[in-house]
Amino acid sequence: MSFIKARSLKFEYIQRDEEGNVDGVLTALDNVDLDIRPGEFVAVLGHNGSGKSTLAKHLNMLLQAEEGTLWVDGKDAMDGANLWDVRKCTGMVFQNPDNQIVASVVEEDVAFGPENLGVPTGEIWKRVHKSLQSVGMEPYRSHSPNKLSGGQKQRVAIAGVMAMEPKCIVLDEPTAMLDPHGRREVLEAMEALNREKKITLILITHYMEEAVHADKAYVMDQGRVVMQGTPREIFSQVDTLQKYRLDVPQMALLAHELRKEGLELPEGILTRQELAEALCRLYGA
Ligand code: ADP
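Per this note's numbering, the sequence shown starts with residue 1409, numbered consecutively.
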C-alpha cells in the first residue's frame, strides 16, 4: 500500500500586478502522480523553478491542489478537515536552519514541537534525548543554537521534527545553505533515520549526489514529473538529464564519457568503487 499516493495533481499560482489585478497564471504542478511506500527514501530532483517546493508543500497541506487526488497515510489531503492529521504524520524541514530554530537552548528548541502537540512533559524529555541522539547532537543539548555550525543547526531542526514522531519527513533542499562538511553531516543523519527508524524520507534536492542512495527518484521539469525510477535507472540516462539542465553524478558522467569513447562499461555505474571494479573487470586486473 502507498504511504503517499497522488494522481493528476494540479496547482496554479495566480500572478498579480502592483494593483492586485490578475496578471497571469503559472502552472506549478501539472498532472503529477506519485507513489511512495512506507519507509521508502525518495528523492525529488529538478532544476530551479521546476515545482519541487510546491509539491513538498502539498505533502503536509501547506498548499492544496485545485485538481487531482492526494492521499497521505490513508488520509485525503484534499480535505481541509484532515489538516492536523496529515501534519502530524508528515514533518517538514526547510532550507534555512536559522528560520526553523525558535528557542535559545538546543533542547528547548527540540521540545517545542511536542510541547505544542500537548505531549506530557516526561515523554517530551525522552523524545528530546532520543531525537538529539539519532542526529548526533545529544552532546550539544544545553548549547545555544546560535553558536552551532549550519550543519549542526540543520540537524537540530531535524531532531525537532523527529521529536513530533512523524511517520514521514519531507526535507526541502535541507543542505542548500551548507558547506560540504555540513551537507555530509545532514545527509548521514537523514539516511540513518530512514535506515534505522524506518521513517519515510522525501528529499527535495538539486544535488544529484544526494539522491544516489535513494530507493526511488522523481525528476521534475516545468511542474511535471518527467522521469522516475531507481537512481541507477535515472542516472544512466545522461543525455535526458542534461536536457532537463541537471548535473549527473561525477562517476556516472565519467562512465558515460568512457562508453562514448568505446569502452564496454555496463550501464548504471554511480560510485567510484563501481567504476573502479568495472574497469578492473574490463582489463582483467
Ligand atoms: P522549485 O522548488 O523546483 O525551485 P517552486 O515550486 O519553488 O520550484 O516553483 C515552481 C514555479 O512556481 C516557479 O516558476 C516559481 O517561480 C513559481 N512560484 C513559486 N512560488 C510562487 C508564489 N508564491 N507565487 C507565484 N509563483 C510562485
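Cβ coordinates follow ideal geometry from the N, Cα and C atoms, glycine included.
Best match in the options for proximity to residue i [C-alpha to C-alpha]
i, options, result
"Ile1607", "His1551, Glu1665, Ser1539", "Ser1539"
"Ala1414", "Asp1481, Leu1470, Glu1685", "Asp1481"
"Asn1524", "Trp1492, Glu1546, Gly1558, Asn1507", "Trp1492"
"Phe1411", "Ala1600, Glu1685, Leu1467", "Leu1467"
"Pro1574", "Met1500, Trp1533, Gly1558, Phe1643", "Met1500"
"Arg1667", "Thr1462, Leu1683, Leu1654, Thr1679", "Leu1683"
"Val1494", "Leu1478, Ile1509, Gly1670, Leu1601", "Leu1478"
"Ile1642", "Asp1425, Glu1669, Val1656, Glu1420", "Val1656"
"Arg1680", "Leu1649, Leu1556, Ala1660, Ile1532", "Ala1660"
"Val1536", "Ala1686, Asp1517, Pro1553, Lys1483", "Asp1517"
"Arg1653", "Glu1669, Met1628, Glu1675", "Met1628"
"Arg1640", "Leu1556, His1621, Lys1651", "His1621"
"His1589", "Ile1610, Gly1558, Leu1609", "Gly1558"
"Arg1445", "Lys1624, Asp1484, Val1452, Trp1533", "Lys1624"
"Gln1658", "Asn1490, Leu1671, Ser1644", "Ser1644"
"Met1486", "Leu1453, Met1635, Lys1534, Ser1416", "Ser1416"
"Val1527", "Gly1544, Leu1556, Ser1512, Lys1496", "Lys1496"
"Phe1449", "Thr1529, Lys1555, Thr1638", "Thr1638"
"His1455", "Gln1650, Cys1688, Leu1609", "Gln1650"
"Leu1453", "Gly1692, Glu1669, Gln1630", "Gln1630"
"Lys1555", "Ala1511, Lys1534, Gly1530", "Ala1511"
"Ile1610", "Asp1443, Met1409, His1551, Glu1426", "Asp1443"
"Met1739", "Gly1530, Gly1488, Gly1447, Asp1587", "Summary: the structure shown does not reach residue 1739, with the chain confined to residues 1409 through 1693, and so no result is reported for it."
Own chain residues within Cβ distance below 7 Å of residue i, not counting five before or after
i, result
"Gly1432", "Gln1423"
"Arg1592", "none"
"Thr1498", "Leu1467, Asn1468, Val1480, Pro1574, Cys1576, Val1578"
"Ala1663", "Leu1673, Ile1677, Leu1683"
"Pro1553", "Ile1509, Val1514, Asp1517, Lys1561, Val1564"
"Val1430", "Ile1422, Arg1424"
"Gln1471", "First, the residue type needs correcting, since residue 1471 is Leu and not Gln in the sequence shown. For Leu1471, where only same-chain residues beyond five positions count, the Cβ hits under 7 Å are Phe1419, Thr1462, Lys1465."
Cβ-based neighbour list, residue i, same chain, cut-off 8 Å, excluding 5 preceding and 5 following
i, result
"Gln1503", "Asp1580, Glu1581, Pro1582, Ala1584, Met1585"
"Leu1698", "It is not possible to answer for residue 1698, since the shown part of the chain is limited to 1409 through 1693."
"Lys1418", "Thr1435, Leu1437, Asp1438, Asn1439, Val1440, Ala1473, Glu1474, Glu1475, Gly1476"
"Ser1542", "Ala1567, Met1570, Ala1597, Ala1600, Leu1601, Glu1604, Lys1605"
"Asp1484", "Thr1477, Leu1478, Asn1490"
"Leu1690", "Leu1671, Glu1672, Leu1673"
"Met1545", "Val1514, Gln1560, Arg1563, Val1564, Ala1567"
Sequence-distant residues of its chain with Cβ nearer than 6 Å to residue i (five each side left out)
i, result
"Ala1464", "Val1578, Asp1580, Ile1612"
"Gly1695", "Lying outside 1409 to 1693, the shown extent of the chain, residue 1695 is not represented and no answer is given."
"Tyr1548", "Val1514"
"Tyr1615", "none"
"Gln1562", "Pro1505, Pro1582, Val1594"
"Val1633", "Val1440, Tyr1626"
"Ser1738", "Residue 1738 lies beyond the residue range present for the chain, which begins at 1409 and ends at 1693; the question has no answer from this structure."
"Ala1519", "Ile1532, Val1536"
"Met1635", "Val1627, Ile1642"
"Glu1675", "Ser1644"
"Ser1458", "Met1628, Asp1629"
DSSP beta-bridge partners of residue i
i, result
"Met1635", "Val1627"
"Leu1661", "Looking at the DSSP assignment, Leu1661 forms no beta bridge with any residue, so it has no partner."
"Glu1420", "Thr1435"
"Leu1442", "Ala1414"
"Thr1613", "Leu1453"
"Ile1642", "The partner list for Ile1642 (beta bridge, DSSP) is empty, contrary to what the question assumes."
"Val1430", "Arg1424"
Residue i at chain D interface by Cβ criterion, 7 Å
i, result
"Leu1611", "No chain D appears in this structure, which consists of one protein chain only."
Next on the checklist: Can you tell me which residues fall inside 6 Å of the ligand ADP, judged by beta-carbon distance to its nearest heavy atom, and keep chain order?
Outcome noted: Tyr1421, Gln1423, Leu1434, Ala1436, Gly1454, Asn1456, Gly1457, Ser1458, Gly1459, Lys1460, Ser1461, Thr1462
Item to check | Start-end ranges of the alpha helix (DSSP H) lying completely within the region 1468-1508, minimum 4 residues | outcome: 1491-1497
Item to check | Residue ranges of each beta strand (DSSP E) within the region 1559-1609, 3 or longer | outcome: 1576-1580
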